[in-house]
Structure formats: structure tokens, C-alpha cells
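**Q** Before I ask anything, here is the structure I am working with.
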Amino acid sequence: MVMIDKALFPFKENFITRNGQQYHYLNEGQGSPVVMVHGNPSWSFYYRNLVSALRTNHQCIVPDHIGCGLSDKPDDADYDYTLKNRIDDLEALLEHLNVKDNITLVVHDWGGMIGLGYAARHPERIKRLVVLNTGAFHLPASKKLPAALWLGRNTTLGTILVRGFNAFSGIASFIGVKRKPMKKSVRQAYVAPFNSWKNRISTLRFIQDIPLKPHDRNYALVSEIAQSLSQFKTLPTIICWGLKDFVFDKHFLNEWQQRFPNAQVHAFDDCGHYILEDASDEVVPLISDFIAKTESTLL
18 MVMIDKALFP FKENFITRNG QQYHYLNEGQ GSPVVMVHGN PSWSFYYRNL
68 VSALRTNHQC IVPDHIGCGL SDKPDDADYD YTLKNRIDDL EALLEHLNVK
118 DNITLVVHDW GGMIGLGYAA RHPERIKRLV VLNTGAFHLP ASKKLPAALW
168 LGRNTTLGTI LVRGFNAFSG IASFIGVKRK PMKKSVRQAY VAPFNSWKNR
218 ISTLRFIQDI PLKPHDRNYA LVSEIAQSLS QFKTLPTIIC WGLKDFVFDK
268 HFLNEWQQRF PNAQVHAFDD CGHYILEDAS DEVVPLISDF IAKTESTLL
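Add 17 to the 1-based position in the sequence shown for our numbering, that's all there is to it.
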């Protein structure tokens with residue numbers, strides 16, 4: 018049981034069953050759908066302020082990937098923690114909710130790969146993009162894989178640190194923000210779902226699933242997702258970026274700007290990976306205004 022402060026996360030819990038696993042999601046508000054896809058090591062909690070701001074006029078759908086948040090956390094025998102399955106899960110959820118058009122897609126961290134992977138399958142369903150410190154392409158040539166990720170991806174020591182000591186989720190709650198530290202209650206909420214060796218499996222599997230070479234099992238899929246991005250470059254797009262992110266830094270932002278030259282870009286010199294924490298008071302209104310201003314042109 019994951020205990021979360023309802024004052025911080027005042028939303029109804031919803032579940033569907035996916036291959037025997039309970040898959041949790043938020044489904045708040047009514048109107049055109051806004052689908053928010055989180056990454057690693059976070060969960061739907063990351064989008065709480067954006068959901069609160071948008072649910073008056075929009076249907077806000079936010080899944081917790083299997084192994085994350087309030088979703089089940091099966092072992093490897095019961096779930097294959099790979100990118101394709103993440104995309105399959107998101108697709109199944111949106112089919113279940115009959116959300117099939119006019120989607121505003123919001124992506125962060127691994128959510129970029131998962132969300133744009135879904136978009137590549139159903140490009141006609143996507144009408145707008147909100148991009149937050151993420152990628153949907155291979156590691157840029159100018160960027161080296163950070164040592165901490167290499168350690169977690171490739172070594173037994175990394176496994177022990179991530180699953181035994183919650184090194185990734187716990188440390189991210191400190192270094193993922195730069196402008197201002199998270200309040201203790203917020204930090205505790207981020208790490209609460211990852212409270213045991215068993216429940217930290219997805220945190221590690223996400224790291225191990227990073228495709229770097231053609232023989233890695235998701236390399237071809239990431240190549241396909243990257244190639245699909247060109248069909249979305251004319252969509253209304255806003256990019257909000259924390260430049261002090263140690264993974265998704267200026268090298269990734271430059272790649273997005275090359276691929277989406279018409280995107281509205283807001284880069285924050287003093288913010289880190291969790292841009293919706295560091296600059297929530299600025300970024301949430303930016304996204305809300307962007308959606309409102311482009312809504313009439315897309316009807």
C-alpha cells in the first residue's frame with residue numbers, strides 16, 4: 018500500500034487491468050483530452066499542478082506506468098519492462114477511455130519515448146505537443162551518457178544502489194530541482210511508491226532499457242520513433258526546459274529545436290529536470306495559455 022498525502026494529490030484513483038496487472042491512471046475533468054506521460058523515476062504525482070490547472074476545461078489523463086506510482090509492481094516473470102510494452106499500455110488505456118482524437122500530448126523524461134511512440138502509431142490523433150525535458154530520439158552525438166546512468170545500466174553495483182538504497186529516485190528528488198529544494202512532504206511523495214527492493218524494479222529496468230547500440234532491443238524502435246517526428250513538426254508545440262538537467266540538457270533541447278523549428282521555447286537557466294517543480298508558477302500558466310490560445314485554431 019502506497020500512502021500519499023491527499024492534500025497534495027487530491028485525485029480519484031482509477032485502474033484498468035493490463036495482462037493481470039493493475040494499471041493506475043488519473044482521469045480528471047471534461048473537455049478535449051490532455052494526456053500527460055511521466056518518466057523515470059517519477060509518477061503521475063509529477064503532473065498534479067498541471068492537472069489542477071487544466072481539469073476545468075479539459076479531460077486530463079495521466080497513467081502511472083506499470084511498476085510506478087499506484088500501479089502494480091510485478092517482477093520480471095509477470096511483466097516485461099520494455100519500451101514497447103509501455104507504449105502498448107498507454108494505447109490500451111486510451112482505447113479503454115475511447116480517447117482517439119484531438120489529443121494534447123504532454124511528455125517528460127521517458128514519457129517522450131512512450132508518448133511519441135504512441136503518437137507514431139496514431140499520428141492523426143495528436144493535435145498539440147507539450148515537451149518537458151525529454152527525448153524521443155537516440156542520445157545526441159554531442160552528449161555522453163552520464164556516469165550515474167552508465168553505472169545503473171551496466172553494473173551490479175548500480176543494481177544494488179538503485180534497488181537496495183533507492184539511489185535513483187531518492188537522489189533525483191534532491192538534484193532534480195535547482196531553483197528551490199522540494200518541500201519534505203513533496204519529496205516523500207515522489208519516493209513513496211519506490212519503498213522496497215521489489216518496488217524499485219521499474220526504476221532500474223528503465224535505466225537498463227536505454228538503447229545505445231544497434232543490438233540493444235529497443236534501438237530499432239527508438240529509430241522508428243525518431244523518424245516519425247517529422248510528421249509532427251507543424252503541430253502547435255511548446256517546449257519548457259530546465260537547462261540544469263544533468264541528462265536532458267542543452268544537447269537534447271538543441272535536437273528538439275532542430276526537429277521542431279517553429280516550437281515556442283521557454284528555457285530556464287536556473288532549473289533542473291523536474292521543471293514542473295522548479296518553475297511550476299511559470300510553466301503551468303505558460304502551458305495553460307498555450308493550450309487556450311491554440312484551442313480555437315484547431316477546432
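We put the CB at the ideal spot given by N, CA and C, even for glycine.
All values derive from a computational prediction rather than experimental measurement.
Should I224 and G169 be called a contact, given that it needs their Cβ atoms to be closer than 8 Å?
**A** yes
**Q** If you follow the beta strand (DSSP E) that Q38 is part of, which residue opens it and which one closes it?
**A** Q38 to E45
**Q** Output the boundary residues of the alpha helix (DSSP H) element that contains H125.
**A** That residue, H125, is in no alpha helix (DSSP H); its beta strand (DSSP E) goes I120 to D126.
**Q** Contact between the stretch 212-232 and the stretch 270-283: three or more CB pairs below 8 Å?
**A** no
**Q** Do you know offhand how far K261's Cα is from L246's?
**A** C-alpha separation (whole angstroms): 25 Å.
**Q** Counting pairs of beta carbons, one from the stretch 98-106 and one from the stretch 22-30, are three or more of them closer than 8 Å?
**A** no
**Q** Using only alpha-carbon positions, find the residue among Q38, K144 and I78 that is nearest to K250.
**A** Checking every option, the nearest Cα to that of K250 belongs to K144.
**Q** Comparing C-alpha positions only, which one of V51, V19 and T34 sits nearest to A309?
**A** V51
**Q** Tell me which residue opens and which closes the beta strand (DSSP E) that A284 is part of.
**A** From DSSP, the beta strand (DSSP E) with A284 extends over Q281 to F285.
**Q** Quick test of your reading: D81 and W60, contact by CB under 8 Å. State the CB separation rounded to the nearest angstrom.
**A** 5 Å
**Q** Per the DSSP calculation, I255 is bridged to which residue(s)?
**A** V147 and Q281
**Q** Look up T99 in the DSSP assignment and say whether it is helix, strand or coil.
**A** coil
**Q** Give me the DSSP bridge partner(s) of H113.
**A** Beta-bridge pairing links H113 to no other residue.
**Q** Looking at C-alpha atoms only, which residue of M20, F307 and C257 is the closest neighbour of H125?
**A** C257
**Q** List the endpoints of the continuous beta strand (DSSP E) containing S49.
**A** S49 to V54
**Q** Within its chain, find whatever has a CB closer than 8 Å to the CB of A209; leave out the 5 residues flanking it on each side and keep chain order.
**A** V19, M20 and I21
**Q** Which residues mark the beginning and the end of the alpha helix (DSSP H) in which H268 is found?
**A** K267 to R276
**Q** What are the residues that DSSP puts in a beta bridge with Q76?
**A** P50
**Q** In the DSSP assignment, find the unbroken alpha helix (DSSP H) run with I242 in it and report its ends.
**A** First-last of the alpha helix (DSSP H) with I242: Y236 to S245.
**Q** Following the continuous alpha helix (DSSP H) through N31, name the residue where it begins and the one where it ends.
**A** Run containing N31: none in the alpha helix (DSSP H); it sits in the beta strand (DSSP E), N31 to R35.
**Q** Can you tell me whether L303 sits near the ligand FMN, meaning its C-beta is under 7 Å from at least one heavy atom of the ligand?
**A** Absent from the structure shown: the ligand FMN. Ligands present: none.
**Q** Pick helix, strand or coil for N183, following the three-state DSSP scheme.
**A** Looking at N183 - three-state DSSP - the assignment turns out to be coil, as it is neither helix nor strand.
**Q** Ordered along the chain, which non-local residues of its own chain (more than five positions away) have a Cβ less than 6 Å from that of G46?
**A** R72, H75, Q76 and C77
**Q** Determine the burial state of S49: buried for a count of at least 16 other Cβ atoms within 10 Å of its Cβ, exposed for fewer.
**A** Counting of Cβ neighbours within 10 angstroms places S49 among the buried residues, the total reaching 16 or more.
**Q** Nearest to N36 by alpha carbon, out of A24, R103 and V116?
**A** R103
**Q** Would you check if there are 3 or more beta carbon pairs closer than 8 Å linking the stretch 282-291 to the stretch 186-203?
**A** yes
**Q** Below 8 Å on the Cβ atoms is my guess for N150 versus F265; work out the distance and round it to an integer in Å.
**A** 4 Å
**Q** Can you tell me whether DSSP reads Y291 as helix, strand or coil?
**A** coil
**Q** Just the C-alpha distance for F62 and S69, rounded to the nearest angstrom, thanks.
**A** Counting only the Cα atoms, S69 lies some 11 Å from F62.
**Q** Under the three-state reduction of DSSP, which class applies to G193: helix, strand or coil?
**A** coil
**Q** Can you give me the C-alpha to C-alpha distance between A164 and Y42, rounded to a whole angstrom?
**A** C-alpha separation (whole angstroms): 33 Å.
**Q** Give me, in chain order, the residues of the same chain whose beta-carbon lies closer than 6 Å to that of R204; leave out the 5 immediate sequence neighbours on both sides.
**A** S190
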